[in-house]
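S.K.: Same order as they appear, the protein sequences are chains E and X. When we follow my numbering, the leftmost residue of the first sequence carries the number 32, and every step to the right adds one. When we follow my numbering, the leftmost residue of the second sequence carries the number 663, and every step to the right adds one. Just so you know, even glycine gets a beta-carbon here, dropped at the ideal spot from N, CA and C. Quick caveat: nothing in here was measured; it's all calculated off a predicted structure. Sharing a structure below in structure tokens format, with a few things to ask.
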Amino acid sequence: MAQADVSIKPTEVQGGHGHPDKWKWYDYFTFNVDHKVIGIQYLVTSFLFYLAGGFMAVLMRTELATPDSDFLSPDLYNAFLTNHGTIMIFLWIVPAAIGGFGNFLIPLMIGARDMAFPKLNAIAFWLNPPAGAVLAASFFLGGGAQSGWTSYPPLSEITANLPQTLWCVALVMVGTSSILGSVNFLVTIWKMRVPSMAWDQMPLFCWAMVATSILALFATPVLAAALILLTFDINFGTSFFKPDAGGNVVVYQHLFWFYSHPAVYLMILPIFGIMSEVIPVHARKPIFGYKAIAYSSLTICLVGLFVWVHHMFTSGTAPWMRIFFTISTLIVAVPTGVKIFSWVATLWGGKIRYTTAMLFAVGLLSMFVFGGLSGVTLGAAPFDIHVHDTYYVVGHFHYVLFGGSVFGIYSGIYHWFPKITGRMLNEPLGKVHFVLTFIGTILTFTPMHQLGMQGMPRRVAMYDPQFADLNQLVTVGAYILAVSVIPFYFNVIWSWRSGKEAGPNPWNALTLEWTTDSPPIIENWEVLPVLTHGPYEYGMDKVDQVGPAGEPTEATQA
Amino acid sequence: MQGAIDSTTAAANGHAVAAHEEHQDLRVLGLITFLASEFLMFAGFFAVFLVFRGSAAEWPPKETEVELLLPAVNTLILVSSSWVINLGTKAIKKNDLAGMRKWFGITAAMGAVFLAGQVYEYMNLGYGLKTNLFSNCFYLTTGFHGAHVFIGLVLILGVLWRSRRANHYTDITHTGPEMAEIYWHFVDVVWIVLFTLIYLLTLLN
């Protein structure tokens, strides 16, 4: 690793900025190329889509409060089921975690004035709202796509053709957005770091975004290929996935999961990055195992590209494939475990501050371990075949996506909201939000495992009366989750206007984004910062007295 | 992508000159990163083709045989155009604007001939997109490749259009031509794989 060069002179800003000193509110509704504006645009739109997807979930859970189909028509239930998954993945978690935090934080963390390609960045964002509009339109033009977020043929080719086509169009749009965003992240992190920052002095969030971007670049175009073939089958009379004409439905599944399994890591790697930032700041300890965490992100990215068939153990998969993909799937648990242990070791003996950000981070730790363990059970082909397409699977992926990704996004919001807006979120309200979310998550998603083991299939609007009790418990949990967002949205809106002033560095954190104003000025710094210490040197000399101008310590030279 | 080849945009928001220079290099890097991703979409199509080929009793089926002579000539044209466009960027690196315009013009003509040949082939094959699984694959992959050739052609014409302004491209500022060249090599490489799989492999049957 390169030696840290701490003697670089600050880069002078040239005069003559071609922009106003401060953005007005309406600038946030335009094609603005400032990475901070784009980050906020991503976050706000994704939080709106979160409400839409959540609303669908509440309606579905209301339907499932009784065994009969008496609230939504089965078609509408299927449409909500499909679009709930699609929105939550492609228009909520991905844009919030990658687009929102990635765009806002990366240039600030690496000491750059903007992303490498600001215009491309704005194009990538502006593909998202139209994609949402296309999905919304699919409801009015034929009742919405109904074949689940996986859209397996032949089902997707024989139901609701026009909405299904619109669904494909929307996904290609967000996929393109994701690819363009990843190009930007990779090149920015690679080439635009402040000269004094070596690779091993980068905040771990940036490492996570490198891994995320590589995955998105390699996996997303394959999904595009699958969707293009599907669109041709539906609309132009081809027969790629039509068995009666020589096509093969399993080929679609391979293409789809080649993207969609890595998509799981797309949704969790940035969150792992957020964890690695939040935990050391609020535990006042250097991160344990910096390199282990950094490289484990890359390992997850690499191994994650070779596990996709574990979604297809019941698709007539050959025995050798079952064995290969069971093993590769279980291997992913190793780098993930490395991260979990590193965070726990960081917490160990720290001066933990129970801020809301920290509560969500610790909540994520416990939730994710549970979801990860059920993931290991599902990765083993013999068990998976037993519970395939049951509520066990639904319980598992909600534990990792809600208990993991959503908790992480919340944690990140509580942590960086002061930087983004210049104001603190209200902590007592935040704690109410956390407690409701925590209880709601456990109540909603834990009973699903038992339902699945008992054989309740997923994706059904009506079910056997023997499952009614547990389903009602799940519905109660879902309502608690629905209520839990109220204090959060209220908190955000109220604090954005009249919260306590945050100042540049309310958490006394060491990464570069805290060395500028809150909210950061346009182009981020008057004079680019110079790295004088590593990102996580908490409590190294005088405990908690290390400010942004701390003396270089041995760790920076290592 | 139109904005990305505009070498004046990076300067528009008042960055230091040094930062602007840095941006020029980064756009080439960004394009390569993007094309690596783009290649995987074609890889998806090729994988599908190979799976069908491997599981079919007869491939291509009797009524949908491919013609080899015209595509072979077309291949020759497209592959050699990659050398021609390279002469163009070499010229501009020596500040020879006229040379660049000449070679880029020839490349564009070769690209247009390729596309025309493709259309001629489509019209004379005697089967369409819907005929059978092979024709599905054939038209989809060649069609998507053709669309990319068309985009490359537009990029080259864009460079030619911009080069009418004096000093727009010089031995220092030539990111636009460079990116057009890289993109052109990309469609070339995709074609070589495509030609091997769809045309040459049929000879093995």
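(1) Can you tell me whether DSSP reads E:ARG454 as helix, strand or coil?
(2) Per DSSP, which one or two residues make a beta bridge with E:THR542?
(3) What first and last residue would you give for the alpha helix (DSSP H) that runs through E:HIS285?
(4) Let me know if X:ILE747 comes out buried or exposed under the rule of 16 or more other beta-carbons within 10 Å of its beta-carbon.
(5) In terms of residue numbering, what span does the alpha helix (DSSP H) encompassing E:PRO518 cover?
(6) Which residues in chain E sit within 8 angstroms of X:VAL710, going by Cβ to Cβ distance?
(7) May I have the straight-line CA-CA distance separating E:ARG144 from E:ALA323, to the nearest angstrom?
(8) With respect to the alpha helix (DSSP H) encompassing E:SER436, which residues constitute its N-terminal and C-terminal limits?
(9) Which residue spans inside the stretch 774-838 of chain X form an unbroken beta strand (DSSP E) run of at least 3?
(10) With contact counted as at least three CB pairs below 8 angstroms, one residue from each stretch, are the stretch 330-337 of chain E and the stretch 292-310 of chain E in contact?
(11) Which ranges would you report for the alpha helix (DSSP H) in the stretch 318-353 of chain E if only whole runs of at least 4 residues count?
(12) Starting from E:PRO105 and walking both ways along the alpha helix (DSSP H), at which residues does that stretch end?
(13) Is the Cβ of E:PHE148 closer than 9 angstroms to any Cβ of chain X?
(14) Hey, how far is the Cα of X:LEU777 from the Cα of E:ASN192?
(15) Mind checking E:ASN134: buried by the 16 CB within 10 Å criterion, or exposed?
(16) Could you tell me which chain E residues have their CB closer than 7 angstroms to the CB of X:PHE812, listed as they occur along the chain?
(17) Terminal residues of the continuous alpha helix (DSSP H) containing E:GLN72?
(18) From which residue to which residue does the alpha helix (DSSP H) around X:LEU719 run?
(19) Spatial neighbours of E:LYS531 within its chain, please: C-beta separation below 7 angstroms, excluding the five flanking residues on both sides.
(20) Is the distance from the Cβ of E:THR345 to the Cβ of E:HIS292 below 9 angstroms?
(21) Taking three-plus beta-carbon pairs below 8 angstroms as touching, is the stretch 367-378 of chain E in contact with the stretch 443-450 of chain E?
(22) Kindly indicate which three-state DSSP category E:ILE610 falls into: helix, strand or coil?
(23) Whose C-alpha, out of E:PHE86, E:TYR108 and E:GLY84, is nearest the C-alpha of E:MET493?
(24) Would a check of beta-carbon distances place X:SER743 closer than 9 angstroms to chain E?
(25) Which residues of chain X have a Cβ atom closer than 9 angstroms to the Cβ of E:LEU300, listed in chain order?
(26) Listing by chain order, which chain X residues have their CB less than 9 angstroms from the CB of E:PRO252?
(27) Thinking C-alpha only, which one of E:LYS55, E:LYS67 and E:TYR59 is nearest E:ILE451?
(28) Looking at the unbroken alpha helix (DSSP H) that takes in E:MET240, where does it start and where does it end?
(29) Let me check understanding here. Comparing Cα to Cα, which of X:LEU815, X:PRO722, X:PHE708 and X:GLY788 lies closest to E:VAL282?
(30) Helix, strand or coil: how does DSSP classify E:GLU532 here?
(31) DSSP has E:PRO459 in a bridge; who is on the other side?
(32) Just checking my contact of E:LEU474 with E:ILE511 at CB under 8 angstroms: how many whole Å lie between their CB atoms?
(33) Would you report the Cα separation of X:LEU819 and X:GLY767, rounded to the nearest angstrom?
(34) Report yes or no: is there a C-beta of chain E within less than 9 angstroms of the C-beta of X:VAL775?
(35) With which residues is E:ILE552 paired in a DSSP beta bridge?
(36) Please state the DSSP three-state secondary structure of E:PRO537.
M.R.: By the coordinates alone:
(1) In the structure shown, E:ARG454 sits in a strand (DSSP, three-state: E or B).
(2) Beta-bridge pairing links E:THR542 to no other residue.
(3) For E:HIS285, the enclosing alpha helix (DSSP H) stretches over residues 280-314.
(4) buried
(5) 499-529
(6) ALA256, LEU260, PHE271, VAL282 and LEU286
(7) 29 angstroms
(8) Taken as a continuous stretch (DSSP letters only), E:SER436 belongs to no alpha helix (DSSP H), as it is neither H nor E.
(9) none
(10) yes
(11) Runs found: 321-335.
(12) 105-117
(13) yes
(14) Roughly 32 angstroms separates the two Cα atoms.
(15) When all chains shown are included, E:ASN134 counts as buried.
(16) The premise fails here: X:PHE812 is roughly 17 angstroms from chain E at the closest Cβ pair, so nothing lies under 7 angstroms.
(17) Counting along the chain, E:GLN72 sits inside the alpha helix (DSSP H) bounded by residues 66-94.
(18) A small correction: the amino acid at residue 719 of chain X is Ala; Leu does not occupy that position in the sequence shown. It is not in any alpha helix (DSSP H) - X:ALA719 carries neither H nor E in the DSSP assignment.
(19) Correct list, in chain order: ARG454 and MET455.
(20) no
(21) no
(22) Here chain E comprises residues numbered 32 to 589, so residue 610 of chain E is not present and cannot be evaluated.
(23) Selected option, being the one with the closest Cα: E:TYR108.
(24) X:SER743 does not count as touching chain E.
(25) Under the 9 angstroms cutoff, chain X gives no residues; its nearest Cβ is about 17 angstroms from E:LEU300.
(26) SER699, GLU700, PHE701, LEU702, MET703, PHE704, ALA705 and GLY706
(27) Considering only alpha carbons, the answer is E:LYS67.
(28) 235-266
(29) X:PHE708
(30) strand
(31) Answer is none; E:PRO459 lacks a bridge partner.
(32) 6 angstroms
(33) Roughly 8 angstroms separates the two Cα atoms.
(34) Output row for X:VAL775: interface = no.
(35) E:ASN555
(36) The DSSP-derived three-state label of E:PRO537 is coil.
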